[in-house]
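Going by our numbering, the first residue of the sequence shown is number 1, and it counts up by one from there.
Note that CB positions come from ideal geometry on N, CA and C, so glycine has one too.
These numbers come from a predicted model, not from an experiment.
These notes are about the structure you will find just below.
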Amino acid sequence: MPDRMKIQTDRIAIVLLAAGTSSRLGRPKQLLKIGEKTLIEKMADVGLATGCQHVVVVLGAFFEKIKPAVDHLPVNILINENWSDGMGSTIACGMEFLMKNHPETEAVLLMVCDQPHVSPAVLKKLMETWRKTGAPVVASEYGGAFGVPAVFDQKLFAELATLDGEKGAKPLMLRYRDEMKLVAFPEGKIDLDTPEDFSCLKDEFEKN
Numbered sequence: 001m002p003d004r005m006k007i008q009t010d011r012i013a014i015v016l017l018a019a020g021t022s023s024r025l026g027r028p029k030q031l032l033k034i035g036e037k038t039l040i041e042k043m044a045d046v047g048l049a050t051g052c053q054h055v056v057v058v059l060g061a062f063f064e065k066i067k068p069a070v071d072h073l074p075v076n077i078l079i080n081e082n083w084s085d086g087m088g089s090t091i092a093c094g095m096e097f098l099m100k101n102h103p104e105t106e107a108v109l110l111m112v113c114d115q116p117h118v119s120p121a122v123l124k125k126l127m128e129t130w131r132k133t134g135a136p137v138v139a140s141e142y143g144g145a146f147g148v149p150a151v152f153d154q155k156l157f158a159e160l161a162t163l164d165g166e167k168g169a170k171p172l173m174l175r176y177r178d179e180m181k182l183v184a185f186p187e188g189k190i191d192l193d194t195p196e197d198f199s200c201l202k203d204e205f206e207k208n
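Below you can see the structure in the form of structure tokens.
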């Protein structure tokens, strides 16, 4: 019997975007601890648990402090020297690496490290939807909006590799809105931007 997970994730790469300054939080959110793990380690582990062969972690601000948190994991760690230009440049950094080193990649899943409820099951559902539909974009739907984590087909790689600015991939997603498929992920609206966000998450984690 064929390995179902292998079928789902074959030739799909993951890019974990973790280059931001966490300005509203006042400290690197990547290093916040959820239980025994930092947030960036937890999210990298989620990506690896999908079975994808290539998980790329793109760092930027505070990379000297953050890199040791994922050094022990089987991921590709990149430093976006232009991180201050915004998330678009961080996406472009990851895409340039994949296009140069893994040209066999057929789709890429973009994720961030401040959505604590992302799970391997959520990511695999996005990948399965892309496999079944061949849509140019498969995005998560939450809070009446859509966004990451999201899968992008290889025909959009060149456009992803030329992104810049603060808006990231959202303008590209809007451009393909009519062809885009959505996967419900209500918990995706919960992210960690402020100390209050983190305090609420810690309370939730401790209760469970």
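Item                                                                                                                                                   : Value
Quick one: Cα of residue 70 to Cα of residue 41, how far?                                                                                              : 6 Å
Are the segment 88-95 and the segment 123-140 touching, with three or more C-beta to C-beta distances below 8 Å?                                       : no
Could you check what DSSP says for residue 12 in three-state terms: helix, strand or coil?                                                             : strand
Name the two residues that bound the continuous alpha helix (DSSP H) containing residue 220.                                                           : Outside the shown range of the chain (1 to 208) lies residue 220, about which nothing can therefore be said.
Report, in whole angstroms, the separation of the C-beta atoms of residue 149 and residue 118, which I expect to be a contact under 8 Å.               : 6 Å
Who are the Cβ neighbours of residue 14 in its own chain at under 6 Å, not counting the five residues just before and after it?                        : 47, 52, 55 and 109
Helix, strand or coil for residue 70 per DSSP?                                                                                                         : coil
Which same chain residues, not among the five before or five after residue 159, have their C-beta less than 7 Å away from its C-beta?                  : 172
Would you mind listing the beta strand (DSSP E) stretches within the segment 26-97 that are 3+ residues and don't spill past its ends, in chain order? : 54-59 and 76-79
Residue ranges of each alpha helix (DSSP H) run of no fewer than 4 residues wholly in the segment 142-185, ordered along the chain?                    : 157-160 and 170-175
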